[in-house]
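I have placed the structure first, in the form of structure tokens, so that the comments after it can refer back to it.
In our numbering, the protein residues as written are 21 to 113.
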């Protein structure tokens, strides 16, 4: 179990070190329902260039923290934003 986690962590670090951001778009969004309704967050989409070509990564950003989501999956980014905001609230309150 520990070997798998360290391999995954090493792979993630290497992947991050070998890519460059060639384009980034940001848009503002607001949670519309639930306990944290009205909280603003950002949807960030980056085009990353790596040794095997380019790929897109989308994430939600709230107060400097981010969580990856799939922009083409219905409500995935809204769910990720809700989870991120709730995790932030639990961490700091």
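The beta carbon of each residue, even a glycine, is placed where N, CA and C say it ideally should be.
The model shown is predicted, which means the values in this text are computed figures rather than measured ones.
With contacts defined by Cβ atoms closer than 8 Å, residue 59 and residue 67 do not form a contacting pair. For residue 44, the enclosing beta strand (DSSP E) starts and ends at 40-50. Distances from the CA of residue 44 to each of 103, 108, 83, 63 were compared; the closest alpha carbon is that of 63.
DSSP places residue 106 in the helix class (H, G or I) of the three-state scheme. In the DSSP assignment, residue 64 falls within the unbroken beta strand (DSSP E) covering 60-70.
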